[in-house]
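**Q**
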Amino acid sequence: MGFPVTYYCPHCGALAELERDAYLADKAVTPYPFEGWEYAAPDEAFEDADGVRFVCGEDGTLVPGEDGCGEPFYLSFVRFANGEELDPRVPSEYVELAEGNDPRGPSQPDSPDGPTGGFY
1 MGFPVTYYCP HCGALAELER DAYLADKAVT PYPFEGWEYA APDEAFEDAD
51 GVRFVCGEDG TLVPGEDGCG EPFYLSFVRF ANGEELDPRV PSEYVELAEG
101 NDPRGPSQPD SPDGPTGGFY
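Note that the UniProt record's numbering numbers the sequence shown so that position 24 is 24, with each residue one more than the last.
1) Tell me the rounded alpha-carbon separation between G2 and L24.
2) What does the Cβ neighbour count give for A81, buried or exposed, with the cut at 16 atoms within 10 Å?
3) Exposed or buried, what is Y32 when buried is set at 16 or more other beta-carbons lying within 10 Å of its beta-carbon?
4) Under the rule that 16 or more other beta-carbon atoms within 10 Å means buried, what is A28, buried or exposed?
5) Closest to E35 by CA distance: which of G51, E44 and A22 is it?
6) Just to confirm before moving on: does the CB-CB distance between A14 and Y7 stay below 7 Å?
7) How long is the line joining the alpha carbons of H11 and E84, rounded to whole angstroms?
8) In the UniProt domain "DUF7969" (1-60), which residue ranges form an unbroken beta strand (DSSP E) of at least 3 residues, counting only runs that do not cross its ends?
9) Taking only three categories from DSSP, how would you classify E66?
10) How long is the line joining the alpha carbons of A49 and V63, rounded to whole angstroms?
11) Between Y39, E47 and E38, which has its C-alpha nearest E19's C-alpha?
12) Tell me the residue span of the beta strand (DSSP E) that contains residue 136.
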């Protein structure tokens with residue numbers, strides 16, 4: 001059984017309403033999508049998606065009397081992997097920029113007075 005839940009557009013503050021089931025747990029409403037999350041439109045079967053992509057004032061979800069801004073915003077549901085809640089702020093992969101190199105400070109430019117620029 002579904003019930004109406006309201007969300008504020010993070011761009012303009014307009015109020016949107018979505019009919020949804022109680023078992024879905026909200027993670028966040030943001031002006032941008034989370035990396036790796038899959039979003040459905042409010043009129044699609046979003047129960048199997050990771051969240052809902054609204055378009056403020058253009059997708060039929062605004063509460064009567066509200067004016068929308070036309071910007072997209074995202075409702076993200078809580079996600080789990082291996083029994084643990086996923087944190088969307090953690091990068092999905094790490095990139096190693098330098099392999100086997102120790103961090104070094106900037107080298108000094110050579111000058112007519114020698115490599116230390118005349119300073120000791």
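Think of the CB as a built atom: it goes at the ideal place given N, C-alpha and C, for glycine as much as any other residue.
**A** For this structure:
1) Approximately 10 Å between the Cα atoms of the pair.
2) A81 should be labelled exposed.
3) Counting Cβ neighbours within 10 Å, Y32 comes out exposed, since fewer than 16 surround it.
4) With fewer than 16 Cβ atoms within 10 Å of its Cβ, A28 is classed as exposed.
5) With distances taken between Cα atoms, E35 lies closest to G51.
6) Not a contact, by the Cβ cut-off of 7 Å.
7) Going by the C-alpha atoms only, they are around 31 Å apart.
8) Within the UniProt domain "DUF7969" (1-60), the complete beta strand (DSSP E) runs of at least 3 residues are 2-8, 15-21, 26-30 and 51-55.
9) Coil at E66, not helix or strand.
10) Roughly 23 Å separates the two Cα atoms.
11) Among Y39, E47 and E38, the Cα nearest to that of E19 is on E47.
12) Nothing about residue 136 can be read from this structure; the chain reaches only from 1 to 120.
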